[in-house]
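Residue numbers (my numbering), protein chains in the order written: chain A, 11 to 196; chain B, 11 to 196.
For glycine and all other residues, C-beta sits at the position ideal for the given N, C-alpha and C.
These figures come from a predicted structure and were not determined experimentally.
Reviewing the structure listed below.
There are 2 protein chains.
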Amino acid sequence: MTDTRAYHHGDLRRALLAAALEAVAEVGPAALSLRDLARRAGVSHAAPAHHFGDKAGLLTALAAQGFDLLARTLTEADDDLLEAGVAYVDFAVTHRAYFEVMFRPELYRADDAELIAARGRAGAALRSGVAALSGGGAPADTDRDSLAAWSIAHGFATLWLAGALPDRVGDNPREAARAVLRRLST
Amino acid sequence: MTDTRAYHHGDLRRALLAAALEAVAEVGPAALSLRDLARRAGVSHAAPAHHFGDKAGLLTALAAQGFDLLARTLTEADDDLLEAGVAYVDFAVTHRAYFEVMFRPELYRADDAELIAARGRAGAALRSGVAALSGGGAPADTDRDSLAAWSIAHGFATLWLAGALPDRVGDNPREAARAVLRRLST
DNA sequence: CGTGAAACTTGCCAGTGACAAGATTGCGCG
DNA sequence: CGCGCAATCTTGTCACTGGCAAGTTTCACG
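See the structure below:
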């Protein structure tokens, strides 16, 4: 337990990102306060700016981490498209804070190199899953299929997080998602 | 042209909502500033509070208007499920400001009566469209089908708005949506 | 006409993001 | 070993925001 010393926190960047993840989960990405993060990490109110420049910089780092994690998650379930979709929804629910930042590009620097790379990896994982399933169809078909698969998984996840779905869908996101996602593959 | 007079604007509530719609389109719902709205309407910084209580109150009114508009839009294309889906996506793109507020319940009062009513109307329009198409199936099937249809349309719309879709989908949302939504009905 | 309520204003406070300038520390290089 | 320099962090400040309180103006209705 390396507790907080004066000056040279040692791992401030990571500590701030961890605090940011908590804070986003509590109040959402837009209401995030840099000064609150600083308090949580036990540093002064201007310390975060040194590591991330500004709020957008911090959220950019968070989004990149999120896309990276999503890419790894999707790669694991790559052989089964239905399970990849379920994994996508599960990711959104389990790592809600990441997910909420990732798809709100107006809050971060969408032209960040590291972020673009991580997002590309996630997209590739998705597309390869679709290609594996649809077999040797034309690339244009794969394009449309992956767009459809992504749309339905993303839509369900988003609606779930927004609490917009009717009560009858239950409280088990994986199960509910599986039932809905199945509609695509028939 | 009833220009702004001192005291008793006459139609401040409506003027503020209109200004809010513009402002949301420009900076997003989270970055909305009540004081900016007041300036746009030519009133003092505390005038909005009188009509809406606080920021959440104003966004509640906006969201309710949005759900009402969506319900009417969906009702028009009710007989054709595919076209209803296209209309949903089109609504999101055309009335982006409404759409972005509607599905961010943490920003407004989700228990508002008027809002719940409007949202119910939109949901009913969606469900009736699905029921009409799937014919005399079991209600449980209709449930799942409408969830799937809603998910794919909502997902595509959300991804489109977030700028997350690859460039190859083009710049015509209706056309692109139609291609993707077709995957569901086959 | 006049009175009470509705609509709007001015004034204030705590909190926030961003910036500037200063203090402290550790690391590399002689 | 020690010294200078750059990275890290702090303190101080400014403009802006949301929300509240109290005062002012206007309208509606008896």
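Asked                                                                                                                                                                : Found
Looking at chain A, is there any beta carbon in it that lies within less than 8 Å of the beta carbon of B:HIS18?                                                     : no
Report yes if the CB atom of B:ALA102 is closer than 8 Å to the CB atom of B:ALA167, and no otherwise.                                                               : yes
Quick one: is B:SER161 near chain A, going by C-beta distance under 8 Å?                                                                                             : yes
Which value, in whole angstroms, describes the spacing of the CA atoms of B:ALA174 and A:PHE113?                                                                     : 8 Å
Consider the Cβ of A:LEU194: report whether some Cβ of chain B lies at a distance smaller than 8 Å.                                                                  : yes
Quick one: what's got a C-beta closer than 6 Å to A:ARG45's C-beta in the same chain, skipping five residues either side?                                            : HIS55
Using a C-beta cutoff of 8 Å, does A:THR168 count as contacting chain B?                                                                                             : yes
Go ahead and pull the three-state DSSP assignment for A:ALA41.                                                                                                       : coil
Among B:ASP155, B:ALA128, B:ALA187, which residue has its Cα nearest to the Cα of A:SER161?                                                                          : B:ALA187
Have a look at B:PRO183, B:ARG154, B:ALA163 and flag the residue whose alpha-carbon is nearest the alpha-carbon of A:GLY180.                                         : B:ARG154
So, for A:ARG193: in the same chain, excluding its five sequence neighbours on each side, which residues have a beta-carbon less than 6 Å away from its beta-carbon? : none
I need the DSSP call for B:PHE113, collapsed to helix, strand or coil.                                                                                               : coil
Confirm, please, whether the CB-CB distance from A:ALA158 to A:ASP89 is below 8 Å.                                                                                   : no
Are the beta-carbon atoms belonging to A:LEU84 and A:ALA132 less than 8 Å from one another?                                                                          : yes
Rounded to whole angstroms, what is the Cα-Cα separation between B:LEU136 and A:ALA135?                                                                              : 32 Å
Give the DSSP-derived three-state secondary structure of B:LEU84 in the structure shown.                                                                             : helix
Nearest by alpha-carbon distance to B:GLU110: which of A:HIS19, A:ASP177, A:LEU169 is it?                                                                            : A:LEU169
Do B:LEU92 and B:ALA40 have their CB atoms nearer than 8 Å?                                                                                                          : no
At least one CB of chain A closer than 8 Å to the CB of B:GLU86: is that the case?                                                                                   : no
Could I get the ranges of all uninterrupted alpha helix (DSSP H) runs contained in the segment 144-195 of chain B, with 4 residues as the minimum, in chain order?   : 149-171, 183-195
Just by C-beta distance, which residues in the segment 101-118 of chain B are closer than 9 Å to chain A?                                                            : MET112, PHE113, ARG114, PRO115, GLU116, LEU117
Per DSSP, what kind of secondary structure is A:THR70 in: helix, strand or coil?                                                                                     : helix
With A:ASP100 as the anchor, note down where its alpha helix (DSSP H) starts and where it stops.                                                                     : 91-104
Count the other CB atoms, across all protein chains shown, that sit within 10 Å of the CB of B:GLY197; report buried if there are 16 or more and exposed otherwise.  : The first residue shown for chain B is 11 and the last is 196, placing residue 197 of chain B beyond what the model contains.
Flag A:ARG15 as yes if its beta-carbon sits less than 8 Å from any beta-carbon of chain B, otherwise no.                                                             : Unreliable positioning characterises A:ARG15 in this predicted model, as indicated by a pLDDT of 49, which lies under 50. The coordinate reading is nonetheless provided below. No, its Cβ sits nowhere closer than 8 Å to a Cβ of chain B.
CB-CB under 7 Å to A:LEU69, same chain, minus the five flanking residues each way: which ones, in chain order?                                                       : PRO39, VAL111, LEU117, TYR118
Given a cut-off of 8 Å on the beta-carbon distance, is the pair A:LEU31 and A:ALA107 in contact?                                                                     : yes
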